[in-house]
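J.: Note that the protein sequences, when read in sequence, are chains A and B. So for the first sequence, my numbering puts the first residue at 197; every next one is plus one. So for the second sequence, my numbering puts the first residue at 7; every next one is plus one. No residue lacks a Cβ here, since even glycine has one placed at the ideal position from N, Cα and C.
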Amino acid sequence: MDRTRALQAYRGLIRAILKYERPSKVVNWGNLQKTMITKLEYSKKQNPKNLHEHTDRQLDSWRKLDPGNDRSLNLFIADSKLLRSVLQNEIKWGEKIAQGQNADEIFEHAFDVIKFLDNQREYEELVDRYNPGNKLTQDEKIKRTANIVGLDVPT
Amino acid sequence: MFASLKNGHCITRSVRSTLPRFYSSSAHSLGIDNTIENNSPTETNRLSKTSQKFWEKVSLNRDIENGKIALQLDGKTIKTPLGNGIIIDDTRSLLAYLLKLEWSCLPSLSIKTHSLPLTSLVARCIDLQMTNKPGCSPQLIAKIGGTSDVIRNQLLRYLDTDTLLVFSPMSEFEGNLRIAQNESYQPLIKGMEEFLSRFSSNSNIHLQVLDADIHGLRGNRQSDIVRNAAMKYMDSLSLWDLAILEKAVLTTKSFICGVLLLENKKDTNQLPPTLKTNMENIIRAATLETLFQIEKWGEVEDTHDVDKRDIRRKIHTAAIAAFKQ
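#1: Against chain C, which members of the segment 219-234 of chain A pass a CB distance test of less than 9 Å?
#2: To the nearest angstrom, how far is it from the Cα of A/L332 to the Cα of A/K339?
#3: Mind checking if A/K339 is an interface residue toward chain B, Cβ cutoff 7 Å exclusive?
#4: State the DSSP-derived secondary structure class of B/Q214, mapped to helix, strand or coil.
#5: If you drop the 5 nearest sequence neighbours on each side, which residues of the same chain put their C-beta closer than 6 Å to that of B/R68?
#6: Have a look at A/D262 and A/D256 and give me their C-alpha separation to the nearest angstrom.
#7: Could you check whether the Cβ of A/L322 sits closer than 7 Å to any Cβ belonging to chain B?
#8: Anything in chain B within Cβ reach of A/E318, meaning under 8 Å, just list it in chain order.
#9: From what residue to what residue does the alpha helix (DSSP H) around A/A212 run?
#10: Could you check whether the segment 221-232 of chain B touches the segment 153-168 of chain B, counting it as contact only if at least three pairs of C-beta atoms, one from each stretch, sit closer than 8 Å?
#11: Run through chain A and tell me which residues come within less than 7 Å of B/N284, C-beta to C-beta.
#12: Could you check whether the segment 85-101 of chain B touches the segment 209-227 of chain B, counting it as contact only if at least three pairs of C-beta atoms, one from each stretch, sit closer than 8 Å?
#13: In its own chain, which residues sit with a C-beta less than 6 Å from the C-beta of B/K63, not counting the 5 before and 5 after it?
#14: Taking its Cβ as the centre, do 16 or more other Cβ atoms sit within 10 Å of B/T169, making it buried, or is it exposed?
#15: Would you mind working out which of B/Q78, B/L112, B/S110, B/I250 sits nearest B/A327, comparing C-alpha positions?
#16: Within this structure, are the beta carbons of B/D247 and B/L268 separated by less than 7 Å?
#17: Run through chain A and tell me which residues come within less than 7 Å of B/D308, C-beta to C-beta.
#18: Give me the chain A residues within the contact set of B/I326, using Cβ-Cβ distance strictly less than 9 Å, ordered along the chain.
#19: Is it a yes or a no for the segment 243-257 of chain A touching the segment 266-281 of chain A, going by three-plus beta-carbon pairs under 8 Å?
#20: Look at the alpha carbon of B/K314 and the alpha carbon of B/N275, and state the distance between them as a whole number of angstroms.
#21: Have a look at A/A306, A/R207, A/K311, A/R218 and flag the residue whose alpha-carbon is nearest the alpha-carbon of A/R267.
#22: Can you list, in chain order, the residues of its chain whose CB lies under 6 Å from that of B/T41, leaving out five sequence neighbours each side?
#23: Along the alpha helix (DSSP H) that carries B/S190, what are the first and last residues, could you check?
#24: Here's a check: name, in chain order, each residue in its chain whose Cβ is nearer than 7 Å to the Cβ of B/A186, leaving out the five neighbours to either side.
#25: Is B/A129 closer than 7 Å to B/T86 when the C-beta atoms are compared?
#26: Buried or exposed for A/E336, going by 16 or more other Cβ atoms inside 10 Å?
#27: Closer than 7 Å, CB to CB, is B/H322 near chain A or not?
#28: Measuring only between beta-carbons, confirm whether A/E336 sits less than 7 Å from chain B.
#29: When DSSP builds the beta bridges, which residues end up paired with B/R79?
#30: In the structure shown, what three-state DSSP assignment does B/I326 receive?
#31: With a floor of 4 residues, list each alpha helix (DSSP H) that falls wholly inside the segment 221-273 of chain B, ordered by position along the chain.
#32: Please list the partners that B/P123 has in chain A, where partner means a Cβ-to-Cβ separation under 7 Å.
#33: In the DSSP output, which residue or residues are listed as bridge partners for B/V172?
#34: With distances taken from CA atoms, which of B/I93, B/F60, B/W61 is nearest B/N72?
#35: State the Cα-Cα distance for the pair B/I70 and B/D95, rounded to the nearest angstrom.
#36: How would you list, in chain order, the residues of chain A whose beta-carbon sits under 8 Å from the beta-carbon of B/R227?
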């Protein structure tokens, strides 16, 4: 009984953390993709006489990467080791379940953590959806303001 | 901790001056950063001013000897707005893990005041502990909104017009709201009276409710016996727990809900059985009227759906910070 609940709580926790991490992961991978492509192209230009088979292959794979739709980002959480050590060694939920003590509070708390992560993520999504201007950079805001009155920002 | 910057409370303080009534005797608001400008050179302040990510790596540094965990950016401990390091007991390692998660999942641009709820609360807990050490400069105490006594007194005011002590008239919502309120609030009030009587020499504690059918529209005030008992309860709390109580009370507009949250995250064997509950029930009790309004009039976009998540993330933030392994 408690084992299945433990499993359910742990799975829920991992799933909530994955969802919570995803937006920032996508952004980070996007940034990394950009810098890698610039770097590789720069190194190609530096030595125009060499053959660049290896660089080309790398460039190709970086260009193919689409972090927004990449399922592999859903496969792991960044700190799984730390989380496992916290659950096993600090909260000792394995031991406590085996001894049948206090386990209810721990499960309850695991679900509270899940709810926190989910609601925080959904809250931010909603705020972004209802305030689409928030995410724009200053340049983008100026450009759009100019567009409203039919002008273009000089390039 | 970014509250003043976002809401501009410090600028738009009301200039109205009327004779104070009993319920407005010490009415400057709680939970708001009243400092006009807080220029301590700390990471949290830097973030609130620039809202740009300025670090590469978030990590936890564990000091096994002293049993502490420090939250670090690029190897330097993050400081709270008042300049104290974010260092917590290692009995709260799950909290430390979640703090790290919160910082490592920030988007690089446009970090908002609501992006770091856990850090805000923990920073408040730490700052409150530090400013209540003897010999703290009055300037810092003013920045956090007064000594812990001031905060206790202001929290006490929420018990007078507690969400769980105000009953709506039978004529609203065909009486359904009142029935639901009776069902959900009455046992909690009973349990709360029992709980508070432990902190009083007087065993007959009675919470004064405000019933719209009987009392109509007027103020409400608890007797001195109740106030003293509630005060004693708050005195028994650690400063860390007091900051969490404050967060919960401000979110739910209910002192009772705050006590419920805190006590249900502690050893619940001591608690009267009617007070044993979970976070979801606390939230439901605090938002009961809104739930009935939504049912009758429909959910308003950009308001009800956002508020629903908002209260949940805040209550669960408090729950996570209150939990001790």
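T.: Checking against the coordinates, here is how it stands:
#1: Checking the listed chains, one finds no chain C in this structure; the protein chains it contains are A and B.
#2: Here residue 332 of chain A refers to the residue found at position 136 of the first sequence. Here residue 339 of chain A refers to the residue found at position 143 of the first sequence. Taking the straight line from one Cα to the other gives about 10 Å.
#3: As a first step, residue 339 of chain A must be located in the first sequence, where it is residue number 143. Residue contact check for A/K339 against chain B: no CB pair falls below 7 Å.
#4: Indexing the second sequence from 1 puts residue 214 of chain B at position 208. B/Q214 carries a coil assignment under DSSP once its states are collapsed to helix, strand and coil.
#5: Counting from 1 along the second sequence, the entry for residue 68 of chain B is found at position 62. Within the same chain, and ignoring the five residues on either side of B/R68 in sequence, the residues whose Cβ sits closer than 6 Å to its Cβ are I75.
#6: The sequence position of residue 262 of chain A within the first sequence is 66, counting from 1. The sequence position of residue 256 of chain A within the first sequence is 60, counting from 1. Roughly 12 Å between the two C-alpha positions.
#7: For the purposes of this step, residue 322 of chain A is taken as the residue at position 126 of the first sequence. Closer than 7 Å to some Cβ of chain B, the Cβ of A/L322 qualifies, so yes.
#8: As a first step, residue 318 of chain A is located in the first sequence; it is residue number 122 there, counting from the start. Residues of chain B passing the Cβ test: R315.
#9: As a position in the first sequence, residue 212 of chain A is number 16, starting the count at 1. Taken as a continuous stretch (DSSP letters only), the alpha helix (DSSP H) holding A/A212 covers 198-242.
#10: Yes, the segment 221-232 of chain B touches the segment 153-168 of chain B.
#11: The residue given as residue 284 of chain B occupies position 278 in the second sequence. The contacting residues are E304.
#12: The segment 85-101 of chain B makes no contact with the segment 209-227 of chain B; the number of CB pairs closer than 8 Å stays below 3.
#13: Residue 63 of chain B sits at position 57 when you count from the first residue of the second sequence. Around B/K63: D80.
#14: Counting from 1 along the second sequence, the entry for residue 169 of chain B is found at position 163. B/T169 comes out buried.
#15: Sequence index remark: in the second sequence, residue 327 of chain B carries index 321 (1-based). Of B/Q78, B/L112, B/S110, B/I250, the residue nearest in Cα terms is B/I250.
#16: Position 241 of the second sequence, counted from the start, is the residue given in the question as residue 247 of chain B. Position 262 of the second sequence, counted from the start, is the residue given in the question as residue 268 of chain B. Result yes, Cβ atoms of B/D247 and B/L268 sit closer than 7 Å.
#17: In the second sequence, residue 308 of chain B corresponds to position 302, counting from 1. Within chain A, the residues near B/D308 are Y326.
#18: Mapped onto the second sequence, residue 326 of chain B falls at position 320. Within chain A, the residues near B/I326 are H305, D308, V309, F312.
#19: Contact check between the segment 243-257 of chain A and the segment 266-281 of chain A: fewer than three CB pairs, one atom from each, fall below 8 Å, which does not count as touching.
#20: Numbered from 1 along the second sequence, position 308 holds the residue referred to as residue 314 of chain B. Numbered from 1 along the second sequence, position 269 holds the residue referred to as residue 275 of chain B. Answer to the nearest angstrom: the Cα atoms are 31 Å apart.
#21: Within the first sequence, numbered from 1, the residue matching residue 267 of chain A stands at position 71. The candidate whose alpha carbon is nearest that of A/R267 is A/R218.
#22: The count along the second sequence starts at 1 and reaches residue 41 of chain B at position 35. The pLDDT assigned to B/T41 is 45, lower than 50, so where the model puts this residue is not dependable, and the model offers no usable value.
#23: Start at 1 with the first residue of the second sequence, and residue 190 of chain B comes out as number 184. Run containing B/S190: 182-203, per the alpha helix (DSSP H) assignment.
#24: The sequence position of residue 186 of chain B within the second sequence is 180, counting from 1. Correct list, in chain order: L294.
#25: Locating residue 86 of chain B in the second sequence gives position 80, where the first residue counts as 1. Locating residue 129 of chain B in the second sequence gives position 123, where the first residue counts as 1. A contact, by the Cβ cut-off of 7 Å.
#26: As a position in the first sequence, residue 336 of chain A is number 140, starting the count at 1. Flag for A/E336 reads exposed.
#27: By 1-based counting over the second sequence, the position of residue 322 of chain B is 316. Interface residue, yes.
#28: Here residue 336 of chain A refers to the residue found at position 140 when the first sequence is read from its first residue. Any Cβ of chain B closer than 7 Å to the Cβ of A/E336 would place that residue at the interface, and such an atom is absent.
#29: Locating residue 79 of chain B in the second sequence gives position 73, counting from the first residue. In the sequence as displayed, the identity of residue 79 of chain B is Leu instead of Arg. Looking at the DSSP assignment, B/L79 forms a beta bridge with B/V64, B/K82.
#30: Reading the second sequence from its first residue, position 320 is the one you call residue 326 of chain B. In this structure, B/I326 counts as helix in the three-state DSSP scheme.
#31: Correct list: 230-242, 245-258, 261-270.
#32: Taking the second sequence and counting its residues from 1, the one referred to as residue 123 of chain B is at position 117. For B/P123, the chain A residues whose Cβ falls inside 7 Å of its Cβ are Q316, in order along the chain.
#33: In the second sequence, the residue the question calls residue 172 of chain B occupies position 166. Within the DSSP bridge table, the entry for B/V172 names B/L216 as partners.
#34: Here the question's residue 72 of chain B lines up with position 66 in the second sequence. Ranking the options by Cα distance to B/N72, first place goes to B/I93.
#35: Reading the second sequence from its first residue, position 64 is the one you call residue 70 of chain B. Reading the second sequence from its first residue, position 89 is the one you call residue 95 of chain B. Roughly 10 Å between the two C-alpha positions.
#36: In the second sequence, residue 227 of chain B corresponds to position 221, counting from 1. By Cβ distance, chain A contributes nothing, its closest Cβ being about 34 Å from B/R227, past 8 Å.
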